[in-house]
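Notes follow the structure.
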Amino acid sequence: MVTLTEDTIIAISTPLGEGAIGVVRLSGAESLHVLERLFRPSSGQPVAELPPRRATHGRIVHPDTQGLIDEVVVTVYRAPRSYTGEDVVEISAHGSPVVLRRIVEAACQCGARVAEPGEFTKRAFLNGKLDLSQAEAVCDLIRARSDLSAAAAAEQLSGKLGQEIRAIQSDLTRLMAHLEASLDFADDELEPWGEDELHAVGRGVLDRVHRLIATYEHGRILREGITVAITGRPNVGKSSLLNALLRHERALVTPIPGTTRDTIEELTNIRGIPVKAIDTAGLRVTDDPVERLGVERARASIAAADLVLLVLDASEGVTPEDETLWNELAPREPSGVMNTCDIASCELGDASRKTEYVRVSALTGEGMGTLEDAIARRIFAGDVAPVGSEAMITRLRHKQALEQCAAAVERALDTMRQGLPADFVSIDVRDALLALAEITGENVTDEVINVIFSEFCIGK
Ligand SMILES: Nc1nc2c(ncn2[C@@H]2O[C@H](COP(=O)(O)OP(=O)(O)OP(=O)(O)O)[C@@H](O)[C@H]2O)c(=O)[nH]1
Ligand SMILES: [Mg+2]
Numbered sequence: 054m055v056t057l058t059e060d061t062i063i064a065i066s067t068p069l070g071e072g073a074i075g076v077v078r079l080s081g082a083e084s085l086h087v088l089e090r091l092f093r094p095s096s097g098q099p100v101a102e103l104p105p106r107r108a109t110h111g112r113i114v115h116p117d118t119q120g121l122i123d124e125v126v127v128t129v130y131r132a133p134r135s136y137t138g139e140d141v142v143e144i145s146a147h148g149s150p151v152v153l154r155r156i157v158e159a160a161c162q163c164g165a166r167v168a169e170p171g172e173f174t175k176r177a178f179l180n181g182k183l184d185l186s187q188a189e190a191v192c193d194l195i196r197a198r199s200d201l202s203a204a205a206a207a208e209q210l211s212g213k214l215g216q217e218i219r220a221i222q223s224d225l226t227r228l229m230a231h232l233e234a235s236l237d238f239a240d241d242e243l244e245p246w247g248e249d250e251l252h253a254v255g256r257g258v259l260d261r262v263h264r265l266i267a268t269y270e271h272g273r274i275l276r277e278g279i280t281v282a283i284t285g286r287p288n289v290g291k292s293s294l295l296n297a298l299l300r301h302e303r304a305l306v307t308p309i310p311g312t313t314r315d316t317i318e319e320l321t322n323i324r325g326i327p328v329k330a331i332d333t334a335g336l337r338v339t340d341d342p343v344e345r346l347g348v349e350r351a352r353a354s355i356a357a358a359d360l361v362l363l364v365l366d367a368s369e370g371v372t373p374e375d376e377t378l379w380n381e382l383a384p385r386e387p388s389g390v391m392n393t394c395d396i397a398s399c400e401l402g403d404a405s406r407k408t409e410y411v412r413v414s415a416l417t418g419e420g421m422g423t424l425e426d427a428i429a430r431r432i433f434a435g436d437v438a439p440v441g442s443e444a445m446i447t448r449l450r451h452k453q454a455l456e457q458c459a460a461a462v463e464r465a466l467d468t469m470r471q472g473l474p475a476d477f478v479s480i481d482v483r484d485a486l487l488a489l490a491e492i493t494g495e496n497v498t499d500e501v502i503n504v505i506f507s508e509f510c511i512g513k
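Add 53 to a position in the sequence shown, counting from 1, and you land on the number used in the numbering used here.
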């Protein structure tokens with residue numbers, strides 16, 4: 054297990070840049086001693102006697118010169134009632150990068166050291182304030198790029214995933230106790246279960262684990278977002294469509310075919326899902342070397358995208374070039390978008406192909422809502438699960454641990470079916486429990502912990 058360092062750490066906890074307020078945070082056993090040397094409360098109260106969780110006004114001064122650095126408000130939290138579980142001091146200063154850096158430097162002169170990325174949350178985890186799934190959720194919440202992503206991270210931070218894992222752990226622990234009772238070396242009070250009961254509990258666990266694994270597809274999308282590539286032949290309105298999705302004029306639009314050369318990527322969100330939308334060069338054979346490079350990039354973007362939108366121009370109908378593109382892109386199952394509905398009847402479909410086009414006008418915005426709905430349905434394969442109803446996993450790490458757990462439970466059930474002795478079964482049940490403990494962090498290596506916390510920003 055990881056050992057805690059005794060250092061007292063400090064970092065700027067608000068984003069770098071000018072702001073009304075900037076917060077510097079200290080954590081560790083020496084926090085109050087460091088504060089004592091820097092802080093002069095307006096009330097004249099000694100720092101050691103400051104009441105916890107109350108705002109105290111005063112001045113931060115340089116420890117050597119006693120020169121004024123800033124007028125601040127300080128909040129003291131005493132262990133274990135703090136974010137990290139240690140003594141914590143939060144200094145709210147004016148949001149100037151220079152002032153905040155001077156406070157950090159002054160504190161370092163008094164014995165603090167600059168925190169590593171995620172070190173505050175890592176300490177919170179090591180001190181039992183958060184389980185590992187909650188610590189991961191802190192990172193996800195800070196990084197969330199859409200409402201749904203933020204909601205999913207907030208649910209996980211509230212402990213929802215941890216609770217479900219603990220419920221499964223408790224079933225497995227009960228199973229283990231009954232197995233051991235039948236071995237006659239554990240709790241004498243416990244009636245050993247019959248085979249039916251053991252099987253039923255094992256299958257119940259398996260169900261719950263599989264249900265959680267099934268949430269990964271949605272969870273991953275909410276955490277990581279998806280990439281949507283906009284493609285089609287030149288001049289059909291791809292860049293206009295990108296602009297309409299982004300609701301601002303990001304890409305150049307002209308009546309000249311071949312306007313877009315380089316790919317243009319921009320983050321947005323569609324129905325609460327974080328989306329990276331990519332506008333690409335129109336696909337055609339060309340002698341222009343620059344355009345040709347653009348077409349190569351477009352093809353690479355299409356290959357890497359999660360979803361491909363194939364744009365057609367209703368005023369020109371379905372052209373032979375469009376047909377060729379449909380065939381070429383068929384393996385990617387593109388969503389058809391019939392653009393320029395404001396000037397042309399969009400009723401022409403492609404009966405033979407039975408293709409459903411979403412009819413839009415990138416110019417007037419008509420049909421864009423329908424397109425966004427269609428994209429959201431495609432992303433979530435038809436069922437947009439409301440965040441919050443059930444525990445959800447969002448990370449591959451969780452999925453792999455659950456798959457290991459499921460495999461171990463399967464093995465246990467198999468071993469029972471073969472009528473092998475209970476101690477064989479309990480080996481598998483123990484493996485299942487260990488796999489689950491990787492999610493909550495009761496069973497993880499230093500390496501895994503370091504990787505998880507290195508994703509964080511400094512000050513968190
Ligand atoms: N009436 C109408 N015109 C549109 C619509 N969408 C795009 N246009 C026009 O069509 C022309 C081409 O639009 P772009 O968005 O540049 O098309 P593109 O597919 O990005 O073109 P390339 O980058 O050259 O491949 C421009 O003159 C747009 O104003 C639409 O929905 N209705
Ligand atoms: Mg374009």
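For each residue, glycine too, the CB sits at the ideal point set by N, CA and C.
Residue i vs residue j beta-carbon contact at 8 Å
{"i": "L79", "j": "I63", "result": "yes"}
{"i": "G389", "j": "V361", "result": "no"}
{"i": "H110", "j": "V126", "result": "yes"}
{"i": "Y130", "j": "P105", "result": "yes"}
{"i": "A434", "j": "A488", "result": "no"}
{"i": "I195", "j": "I326", "result": "no"}
{"i": "C163", "j": "L91", "result": "yes"}
{"i": "L85", "j": "V100", "result": "yes"}
Residue i versus residue j - alpha carbon distance
{"i": "D395", "j": "G181", "result": "60 Å"}
{"i": "A404", "j": "A383", "result": "Since pLDDT at A404 reaches only 46, below the 50 mark, its modelled position is unreliable, and the value read off the structure follows with that caveat. The straight-line gap from Cα to Cα measures roughly 16 Å."}
{"i": "D340", "j": "T393", "result": "28 Å"}
{"i": "Y269", "j": "S202", "result": "13 Å"}
{"i": "N322", "j": "I446", "result": "21 Å"}
{"i": "E302", "j": "I218", "result": "46 Å"}
{"i": "P133", "j": "A108", "result": "19 Å"}
{"i": "E59", "j": "V191", "result": "24 Å"}
{"i": "R483", "j": "H451", "result": "18 Å"}
{"i": "A490", "j": "I480", "result": "15 Å"}
{"i": "E248", "j": "E189", "result": "39 Å"}
{"i": "A444", "j": "F506", "result": "22 Å"}
{"i": "V141", "j": "L251", "result": "48 Å"}
{"i": "T312", "j": "G370", "result": "21 Å"}
{"i": "E143", "j": "D193", "result": "23 Å"}
{"i": "D184", "j": "L214", "result": "10 Å"}
{"i": "V114", "j": "E124", "result": "9 Å"}
Contact test: residue i Cβ vs ligand 1 heavy atom, cutoff 7 Å
{"i": "G311", "result": "yes"}
{"i": "K329", "result": "no"}
{"i": "D395", "result": "yes"}
{"i": "P308", "result": "yes"}
{"i": "A334", "result": "yes"}
{"i": "S293", "result": "yes"}
Residues bridged to residue i (per DSSP)
{"i": "S135", "result": "Note: S135 sits in no beta bridge, so no partner."}
{"i": "A146", "result": "G75"}
{"i": "G389", "result": "L363 and Y410"}
{"i": "Y130", "result": "V141"}
{"i": "G111", "result": "P94 and V125"}
{"i": "V306", "result": "BP columns for V306 are empty, so no partner."}
Residue i beta carbon near ligand 2 (any heavy atom closer than 7 Å)
{"i": "S354", "result": "no"}
{"i": "A415", "result": "no"}
{"i": "K213", "result": "no"}
{"i": "A358", "result": "no"}
{"i": "A488", "result": "no"}
Within-8 Å CB hit, residue i to chain E
{"i": "Q216", "result": "Note that chain E does not occur in the displayed structure, where there is just one protein chain."}
Inset, instruction - Count the CB pairs spanning the stretch 171 to 185 and the stretch 150 to 162 that are closer than 8 Å, and state whether there are at least three. - result: Contact between the stretch 171 to 185 and the stretch 150 to 162 is absent: fewer than three C-beta pairs spanning the two stretches fall below 8 Å.
Inset, instruction - Taking 8 Å as the threshold, find out whether the stretch 345 to 357 comes into contact with the stretch 415 to 428 through three or more Cβ pairs. - result: Counting Cβ pairs under 8 Å, fewer than three are found: no touch.
Inset, instruction - Say whether the stretch 251 to 267 touches the stretch 462 to 472, bearing in mind that this needs 3 or more beta-carbon pairs closer than 8 Å, one atom from each stretch. - result: Verdict: yes, contact present.
Inset, instruction - Check whether the stretch 281 to 298 touches the stretch 465 to 474, taking contact to mean three or more Cβ pairs, one atom from each stretch, closer than 8 Å. - result: Result no; under three Cβ-Cβ pairs closer than 8 Å.
Legend entry - Meets three-Cβ-pair contact criterion under 8 Å: the stretch 288 to 306 and the stretch 330 to 344: Short answer: they touch.
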